[in-house]
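In the working numbering, the protein residues as written are 177 to 861.
Glycine included, C-beta positions come from ideal geometry on N, C-alpha and C.
Okay, so here's the structure we're looking at.
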């Protein structure tokens, strides 16, 4: 299929020795980003991609216009109220970036445009505006800007009354800041310039040079990262430290910014907790006492150590407790039972306790932004695989709901009743039932000729809920079935679902995905000639693993920003994220983890065999998965694969982990991916 001559990377053998085991990495040299030969190779791959996809360019453009045509260009968010102002973001027709506005007192007031992303993005290939933090007196806004796509934000402060942006520039931050009640003290998080780990909290005083900023907290444990926020009650500033399995917090009254932060409860390995303040107590979402699915405990704000915590909401075997939202009269629990989101509303005085009713098995419902403490209105969002997203205001007292906004799908073609969505269960090789959420057009016949795109992520306990996508309609309307495989490694079926898909159980993630694929084929919903797989980042690792294990199951695979050189990356503690992820993948400095990791690492297990058609994408400035991982992987696949199936590699030379930054430019990347599989299906027209 390839026809034209693919790039051939030079081989320079490098010995990598650990635990007396020798690995030979012939493409190790590709990690030199500034090297001319590296850049020449990446440019050659891009040229090869362009030449082999030239016949799809016109289709890609029409696909892009089709996707863009469904999006309301002059869209705006539902305003929310905070401290006397209504805040919203809106887009103007033809613009890539949002305008961030506010209205004083009422939505009928004059619009104050705080930030215009389009003006700020001029001259930059990439632009991202970090968290906007408004001072308590509503006069100042701290904000962060990233123009490289490495998530290293430069923070500045804007006077919202005069429009002046102060000259102070704080480099290498996470983008967000937190104000103390004096309207002069701003706390923010800095990153290690090499590893990009968020490791330091600083304090900046308005009107003083940033060089005089005071280091408030340094998280010295390289497996932890840190952040700072303010409680919804506005009473406390909170510094959080977290690793994959352990957390710790420090608190300081917002009225006392120059005081000392006090440890809430010292870290204990394996103890996770999150804190919420209400009246004179803190409420703690925690896994204490082996509460695998989490419970809520309560403690007096004056004596917060874990020995004083009292049970408030007990642990339940079948219900994962994901979050708590606190209001003056109510608290709201976000739960997950049998994979499904549930929202539970309880009065503090115990007189009411009820769930919001949801009917389907393929929906996503979540509590939205509710910064206002003294309100009986709960804002939540709802969508499903065939139902566009709605923002709903629910009166917790009267139980009346008002749909504030329903996502519009323009173009006049879409009707949700034209699509079927359902949940099905595959049986994994160890007998465990693995759920899949699927959607397709009613007029799509399910048989061995039906194309299916199967997607999964499967790591970090991150759950991919069934969600609506206007972009996905371009596949469904061309006869595709879209399937989300809720494999182990996520938390779809509770915390145990995550625990049995990580560390020395990681291979369950890969075999679950393969067994879901086999189930779809056995049920005659598709065949190997029409089955496609897709995943990104840690989901790209999943793609790399499945094509080594069972390449004959798929006609095509898309691996976006894939994490594929697991052993080498996890042994290099200078790479961003590495040390903080030992609890997810294991520490390969320990022989048992090293050997297990090596047994599935996609790069280490490429072999001389047939591989499916593949599209691999990355960004040159990616801070999460370095560009050289997929580059080396593609080079090794080119060297060893035995058939002539497509192997395409596209490198965005301006972007990082999230791809292009503009709302429409990012659609061009999706158009590339969809064109790849639609071309393989012969559906380009």
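| Check | Outcome |
| --- | --- |
| At 3 residues or longer, and completely inside the segment 210 to 268: list those beta strand (DSSP E) runs for me, N to C. | 256 to 258, 261 to 266 |
| Which whole-angstrom value describes the C-beta separation of residue 665 and residue 640, a residue pair presumed to lie in contact below a C-beta threshold of 8 Å? | With a Cβ gap of about 11 Å, residue 665 and residue 640 do not count as contacting. |
| Less than 8 Å between the beta carbons of residue 521 and residue 510, yes or no? | no |
| Where do the N-terminal and C-terminal ends of the beta strand (DSSP E) with residue 672 fall, by residue? | Looking at the DSSP string, residue 672 is not in any beta strand (DSSP E); the run it does join, the alpha helix (DSSP H), is 671 to 675. |
| Excluding sequence positions up to five away, which residues of its chain have a Cβ less than 6 Å from the Cβ of residue 449? | 423, 460, 462 |
| The beta strand (DSSP E) that contains residue 523, what's its start and end? | 516 to 523 |
| Measuring straight from C-alpha to C-alpha, what distance separates residue 402 and residue 349? | 12 Å |
| Below 8 Å, how does it come out for the segment 524 to 534 and the segment 226 to 241: are there three or more Cβ pairs, yes or no? | no |
| Taking the alpha-carbon positions, what's the residue 412 to residue 715 distance? | 38 Å |
| Expressed to the nearest angstrom, what Euclidean distance is found between the alpha-carbon atoms of residue 705 and residue 623? | 12 Å |
| Can you give the beta carbon distance from residue 781 to residue 724, rounded, assuming they're within the 8 Å contact cut? | 5 Å |
| Can you name the start and end residues of the alpha helix (DSSP H) that residue 294 belongs to? | 293 to 296 |
| Where does residue 355 fall in DSSP's three states? | strand |
| Could you have a look at residue 855 and say whether DSSP puts it in helix, strand or coil? | helix |
| DSSP state of residue 473, grouped into three classes? | strand |
| Determine the burial state of residue 761: buried for a count of at least 16 other Cβ atoms within 10 Å of its Cβ, exposed for fewer. | buried |
| Which residues share a DSSP beta bridge with residue 510? | 499, 519 |
| Quick check on residue 860: does DSSP put it in helix, strand or coil? | coil |
| Verify whether the separation of the beta carbon atoms of residue 708 and residue 579 is less than 8 Å. | no |
| Unbroken alpha helix (DSSP H) runs of length 4 or more, entirely within the segment 605 to 658: which are they? | 649 to 652 |
| With a threshold of 6 Å on Cβ separation, who are the neighbours of residue 767 within its own chain once the five nearest residues in sequence on each side are excluded? | 195 |
| Indicate the three-state DSSP secondary structure (helix, strand or coil) for residue 439 in the structure shown. | strand |
| Between the segment 217 to 229 and the segment 245 to 254, do at least 3 Cβ pairs fall closer than 8 Å? | no |
| Hey, would you say residue 792 sits closer than 8 Å to residue 806, going by beta carbons? | yes |
| Three or more beta-carbon pairs under 8 Å between the segment 802 to 822 and the segment 729 to 745, yes or no? | yes |
| So residue 797 packs on residue 214, CB below 8 Å; how close in whole Å? | That pair is no contact at about 14 Å. |
| Quick one, which of 271, 272, 251 has its alpha-carbon nearest residue 265's? | 251 |
| Exposed or buried, which one is residue 611 when buried takes at least 16 other CB atoms within 10 Å? | buried |
| Output yes or no for whether 8 Å exceeds the beta carbon distance between residue 404 and residue 439. | no |
| Output the boundary residues of the alpha helix (DSSP H) element that contains residue 689. | 683 to 698 |
| Any idea what DSSP makes of residue 173, helix, strand or coil? | Because the chain spans 177 through 861 in this model, residue 173 falls outside it and cannot be assessed. |
| How is residue 795 classed by DSSP in three states: helix, strand or coil? | strand |
| Please name the residue in 472, 237, 291 whose C-alpha comes closest to that of residue 650. | 237 |
| At the level of alpha carbons, what is the spacing between residue 342 and residue 332? | 7 Å |
| Are the segment 380 to 397 and the segment 415 to 432 in contact at 8 Å, needing three or more beta carbon pairs? | yes |
| Taking 6 Å as the limit between beta carbons, can you name the residues of its chain near residue 456, skipping five residues before and five after? | 477 |
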